[in-house]
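Structure, as structure tokens:
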Amino acid sequence: MSELFMTMWAQSLGVNVYHGVGVDFEIPEGGSVTSTLDDDKRSSASFTTPKVILKDSSNSIGTSIDARMVCDASGFSRRLTSKFGARERFECGWNTDSYWTYFREKDLSNVDGRLLAWNYPATKHICFPEGWGWFIGLISWHHAPLANLMDLVAHVIASAAAGIPAEEFACTRELSDTFACPYEFITSIGWAVRNDFKLPDDLSAYGAGEAEQKFNFFRKRYPAIDTLLTDSFELLPGYYDGRTYFVRKGLSYRSPVVAGEGWLAIGNSAGFTNPLISPGINVGIGGAWRAANLTAEVLSAPVQEARTVMLAVAKSHQAFMHDFVLPRLHNLNRTWYNSFRDHRLFEAVPRTLWSVSFRAVDNHYYGEERMQFSEADARWVIGAGLDEFQALCVEVLDVLDGVNGGAPPSEQQVQKALAIMERTVRERTEMWPENRWDRWLRQYDDKLQKVPGKTARSEGFLVEAKRCGVCNYFVHNRADKCPICGEKDVWGRGASKI
Numbered sequence: 001m002s003e004l005f006m007t008m009w010a011q012s013l014g015v016n017v018y019h020g021v022g023v024d025f026e027i028p029e030g031g032s033v034t035s036t037l038d039d040d041k042r043s044s045a046s047f048t049t050p051k052v053i054l055k056d057s058s059n060s061i062g063t064s065i066d067a068r069m070v071c072d073a074s075g076f077s078r079r080l081t082s083k084f085g086a087r088e089r090f091e092c093g094w095n096t097d098s099y100w101t102y103f104r105e106k107d108l109s110n111v112d113g114r115l116l117a118w119n120y121p122a123t124k125h126i127c128f129p130e131g132w133g134w135f136i137g138l139i140s141w142h143h144a145p146l147a148n149l150m151d152l153v154a155h156v157i158a159s160a161a162a163g164i165p166a167e168e169f170a171c172t173r174e175l176s177d178t179f180a181c182p183y184e185f186i187t188s189i190g191w192a193v194r195n196d197f198k199l200p201d202d203l204s205a206y207g208a209g210e211a212e213q214k215f216n217f218f219r220k221r222y223p224a225i226d227t228l229l230t231d232s233f234e235l236l237p238g239y240y241d242g243r244t245y246f247v248r249k250g251l252s253y254r255s256p257v258v259a260g261e262g263w264l265a266i267g268n269s270a271g272f273t274n275p276l277i278s279p280g281i282n283v284g285i286g287g288a289w290r291a292a293n294l295t296a297e298v299l300s301a302p303v304q305e306a307r308t309v310m311l312a313v314a315k316s317h318q319a320f321m322h323d324f325v326l327p328r329l330h331n332l333n334r335t336w337y338n339s340f341r342d343h344r345l346f347e348a349v350p351r352t353l354w355s356v357s358f359r360a361v362d363n364h365y366y367g368e369e370r371m372q373f374s375e376a377d378a379r380w381v382i383g384a385g386l387d388e389f390q391a392l393c394v395e396v397l398d399v400l401d402g403v404n405g406g407a408p409p410s411e412q413q414v415q416k417a418l419a420i421m422e423r424t425v426r427e428r429t430e431m432w433p434e435n436r437w438d439r440w441l442r443q444y445d446d447k448l449q450k451v452p453g454k455t456a457r458s459e460g461f462l463v464e465a466k467r468c469g470v471c472n473y474f475v476h477n478r479a480d481k482c483p484i485c486g487e488k489d490v491w492g493r494g495a496s497k498i
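Here the sequence shown stands for residues 1 to 498, where the numbers follow full-length UniProt numbering.
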């Protein structure tokens with residue numbers, strides 16, 4: 001649904017979108033960033049661009065597209081970046097694989113009490129020594145006819161274009177009824193686990209096929225997870241295209257070349273590390289924003305300067321994505337995974353990473369500044385872009401990292417890593433004494449120390465949510481109307497907020 005909405009929104013802005021068309025590229029000689037950006041021998045002011053080849057079975061739109069600039073946003077398929085080399089693997093000795101499927105919530109009233117704030121309206125994470133599991137609530141329109149969905153989306157886009165206020169928009173139920181588009185709430189559940197963990201040779205008892213077997217192996221390995229899935233969720237067999245279980249191997253990689261003459265790559269075509277802390281959204285959007293600005297810079301350059309500007313832009317994007325963003329995210333990911341190996345490390349790492357992810361946190365995330373996205377935001381990389389963040393990761397990884405399959409570290413390693421993190425938290429809270437961590441974190445005070453009995457954020461937290469008394473959906477940020485059922489004055493009623 002989100003892809004359909006973005007596609008139709010782009011079309012409403014004048015973008016041509018071709019459906020059911022395969023794409024390939026022809027690269028002009030010398031079109032790689034590595035061969036032309038550092039050894040510029042051509043005097044022409046113009047620059048070359050990859051030729052976009054269309055594979056249209058209907059032969060109705062031609063065979064190619066002329067473009068001054070090409071953006072490769074083809075995801076894991078890497079349609080353009082693959083022309084310049086295979087995926088680069090990070091040199092740490094291990095990677096991660098993921099296995100997932102889809103469920104429907106059945107009953108969350110008796111969830112294990114150790115799973116604090118399980119009903120919070122966000123992605124849930126359960127972490128274990130070999131990796132972690134995600135629980136992502138989704139609204140699914142999978143059973144709605146495509147033509148009806150397109151009418152629904154067109155109506156929403158037209159309403160926005162007409163300036164209709166958000167509180168006057170039709171709610172989800174009304175849209176569903178009007179356009180005959182059934183929807184339901186489902187949950188994506190999966191594991192992202194280390195590939196240096198030695199699995200049993202025979203997994204036949206866990207199902208048929210690798211994805212099902214390995215999903216069920218980690219489910220059964222931890223009774224709390226197995227009980228949660230058994231009691232509170234119902235599996236949805238064959239939900240997407242007749243498939244039930246899914247697998248993706250070798251999650252962490254980067255493309256060796258992510259920019260060149262006439263093109264830039266963004267998102268998973270440039271590289272990926274891990275879905276933990278959602279870097280696809282938190283970092284990918286910043287990278288796309290930056291690429292859009294660089295593209296505008298190229299297209300607005302005077303003709304006689306176009307190639308010089310293009311080469312400078314490609315160098316900048318290559319350095320940003322390949323040399324800066326992806327290695328730093330990889331260090332973040334390794335630090336998280338090593339914290340899963342001991343419960344003391346796992347409690348220490350989040351607050352330590354918070355301390356080095358932000359500087360003057362309240363000044364930046366309140367008021368008008370939060371609406372002005374900048375180059376500094378793009379380079380923040382959920383904290384991993386900061387030099388002090390990387391210094392901490394390197395120091396901790398020097399103690400903990402290696403090919404270990406998630407096995408417990410030695411007591412000496414634990415104590416050494418804890419000392420590093422305690423020192424870091426102390427130094428950072430002294431450096432930024434005005435930060436009000438107590439209103440961001442439920443269990444901590446302003447010095448990032450855990451407070452016995454504290455279970456709620458202090459007053460002043462920016463983001464709030466409250467359950468609708470009619471449909472039980474979480475309504476965010478004091479919206480006057482529930483977006484699902486249309487109930488009004490949700491925040492004026494007595495239900496507690498979180």
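Think of the CB as a built atom: it goes at the ideal place given N, C-alpha and C, for glycine as much as any other residue.
Bear in mind the structure is a predicted one, so any value in this text is a computation, not a measurement.
For the options Thr429, Lys220, Val156, the alpha carbon positioned closest to that of Ala360 is the one of Thr429. Under the Cβ criterion (8 Å, minimum of three pairs), the region 264 to 272 does not count as touching the region 344 to 352. Under the DSSP assignment, His476 falls in the beta strand (DSSP E) whose first and last residues are 474 to 476.
Counting along the chain, the unbroken alpha helix (DSSP H) around Ser12 starts and ends at 2 to 12. Under the criterion of beta carbons closer than 8 Å, Cys92 and Leu264 do not qualify as touching, at roughly 27 Å.
Closest in alpha carbon position to Ala154, among Met8, Ala296, Trp289, Ala288, is Met8. The beta carbon of Met1 sits closer than 6 Å to the beta carbons of Trp141 from its chain, once the five residues preceding and following it are set aside; these are given in chain order. C-alpha of Asp241 to C-alpha of Val156: approximately 27 Å in a straight line. Taking C-beta separations shorter than 8 Å and ignoring five residues to either side along the sequence, the partners of Val23 in its chain run Val52, Ile53, Leu54, Lys55, Ser74, Arg79, following chain order. Residue pairing from DSSP places Tyr102 in a beta bridge opposite Ser188.
Met431 counts as exposed, since fewer than 16 other C-beta atoms from the protein chains shown sit within 10 angstroms of its C-beta. A contact is defined here as three or more CB-CB pairs under 8 Å, and the region 435 to 444 fails this definition with respect to the region 411 to 427. With a cutoff of 8 Å on beta-carbon distance, Lys198 and Gly405 are scored as near each other.
Per the DSSP secondary-structure output, His143 pairs with nothing in a beta bridge. Cys468 and Thr178 have their C-alpha atoms roughly 22 Å apart. With three or more CB-CB distances shorter than 8 Å, the region 474 to 485 counts as touching the region 171 to 187.
In this structure, the alpha-carbon of Asp401 lies about 32 Å from that of Gly113. Around the beta carbon of Phe25, 16 or more other beta carbons lie within 10 angstroms, which makes this residue buried. Taking 8 Å as the cut-off, the beta carbon of Thr81 is found no closer than this to the beta carbon of Ala192. Residues of the same chain with a CB within less than 7 Å of the CB of Phe217, apart from the 5 flanking positions on each side, are Leu199, Leu203, Tyr206 in chain order. In the three-state reduction of the DSSP assignment, His330 falls in the helix class, which pools H, G and I. Residue state for Ala384 is assigned as coil, using DSSP reduced to three classes. In summary, Thr48 is buried, with 16 or more beta-carbon neighbours lying within 10 Å of its beta-carbon over all protein chains present. Under the three-pair Cβ rule at 8 Å, the region 98 to 117 counts as touching the region 208 to 224. The alpha helix (DSSP H) runs lying completely inside the region 371 to 425 and spanning 4 residues or more are 375 to 378, 387 to 400, given in chain order. In this structure, the CA atom of His476 is about 17 Å from the CA atom of Trp118. The region 376 to 390 and the region 283 to 296 touch, with three or more beta-carbon pairs separated by less than 8 Å.
Distance from the Cα of Pro433 is smallest, within the candidate group Arg194, Val313, Lys447, Ala224, for Lys447. Classified as buried, Glu130 has 16 or more neighbouring CB atoms from the shown chains inside 10 Å of its CB.
Taking the C-beta atoms as reference points, Ile420 is found no nearer than 8 Å to Val394. The beta carbon of Lys220 sits closer than 6 Å to those of Asp226, all from its chain and outside the five residues before and after it, given in chain order.
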